[in-house]
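Shown next, in structure tokens, is the structure this report addresses.
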Amino acid sequence: MSHVDQMHHETALDRWKRFTYVEDLPDELGPFRELLEEYSKVPPNETDEVLVSTRKKLWEVAMYPCIGRWSFLNLRSMQDSHFKIAFERLKQPNDLDTGSNSIDTLLDIGCCIGQVLRKMVHDGIEPNRLFGTDLHPEFISIGTELFNDEGCGLTFVAGDLLNLEDKALDKLDGKITLIHAANFFHLFTWEQQVKIGVRIARFLKPGTTDALIFGKLSEVVG
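So the number in the numbering used here is just where the residue sits in the sequence shown, counting from 1, plus 1.
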């Protein structure tokens, strides 16, 4: 069969995978490998096998480009200047003996396997200040398996931000001062973004005057 014939017989799923799925692990995975080795105690000679297995499980749940192209392993969003501000605020202790009373907490929206939150814990942030939410509960479970940290103190909630009546998300209401939403809003229409924004506002602590909502996104023109 010629290349043209093969293209003609491709299914929609085949075409999607051809443009969104990269078979081999990328070369630039140093920070993530380090996280697996130091936080999760994965032996260096096993990291590739673990990552390939993890990506397979995630792809079976949802065929997102960020999964197919391995970009969920990219921790570069943490280099954003706003992220650094949030990190410094979260480092401040909540210690009545010293007069410090930091109340900051961070929610990672679209947290996938919770890689950003684990990196923050590895870098010294108290896990009880960190929250994550994702549409897919399977992603959260796969993350716990990958990082081998059941009961680590992080709080994860699976829920649908487009469903304003999703009761699962209510447990986050009024608890958050910092919201990280990287590579998230551009996935939705403007009307959906507004709806999500309304839901996100309910997560903020009452009386918060210095809330920060941040995260890089892609621009869609057309």
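Where a beta carbon is used, it is the ideal one built from N, C-alpha and C, also for glycine.
Assuming residue i and residue j are in contact, meaning their beta carbons sit under 8 Å apart, how far apart are those beta carbons, in whole angstroms?
| i | j | result |
| --- | --- | --- |
| Q74 | V117 | Here residue 74 turns out to be Leu, not Gln, going by the sequence shown. L74 to V117, Cβ: 11 Å. No contact. |
| Q194 | F204 | That pair is no contact at about 16 Å. |
If you reduce the DSSP assignment to three classes, tell me which class residue i lands in.
| i | result |
| --- | --- |
| H83 | helix |
| L131 | strand |
| A182 | coil |
| L213 | strand |
| F189 | coil |
| L108 | strand |
| F157 | strand |
| I114 | coil |
| I197 | helix |
| L14 | helix |
| D98 | Caution is warranted here: a pLDDT of 48 is assigned to D98, below 50, making its placement in the model unreliable, and the coordinate value is therefore given only provisionally. Looking at D98 - three-state DSSP - the assignment turns out to be coil, as it is neither helix nor strand. |
Using the rule of at least 16 other Cβ atoms within 10 Å of the residue's Cβ for burial, across every protein chain shown, is residue i buried or exposed?
| i | result |
| --- | --- |
| L173 | buried |
| R119 | buried |
| I197 | buried |
| G111 | buried |
| T12 | exposed |
| I180 | buried |
| L14 | exposed |
| N184 | buried |
| T190 | exposed |
| G125 | exposed |
| I177 | buried |
| D105 | buried |
| L165 | exposed |
| D109 | buried |
| G115 | buried |
| I68 | buried |
| G100 | Confidence is the limiting factor: at G100 the pLDDT is only 47, short of 50, which leaves the residue's position unreliable, though a coordinate-based value still follows. Under this definition G100 is an exposed residue. |
| D49 | exposed |
| A1 | Missing from the structure shown is residue 1; the chain here goes from 2 to 223 and no further. |
If you check the beta carbons only, do residue i and residue j fall under 8 Å apart?
| i | j | result |
| --- | --- | --- |
| P128 | G154 | yes |
| K206 | D81 | no |
| L91 | L52 | no |
| I143 | K58 | yes |
| E24 | H123 | no |
| A182 | H137 | no |
| T145 | E139 | no |
| L213 | H83 | yes |
| T21 | R70 | yes |
Within its chain, find whatever has a CB closer than 6 Å to the CB of residue i; leave out the 5 residues flanking it on each side and keep chain order.
| i | result |
| --- | --- |
| F157 | G133 and I141 |
| E1 | Outside the displayed span of the chain (2 to 223) sits residue 1, for which this structure offers no information. |
| R130 | L91 and T106 |
| N149 | S41 |
For residue i, collect the residues of the same chain with a Cβ closer than 7 Å to its Cβ; drop the 5 residues on either side in sequence, then sort them by chain order.
| i | result |
| --- | --- |
| D135 | G111, C112, C113, I141 and A159 |
| L163 | Q193, K196 and I197 |
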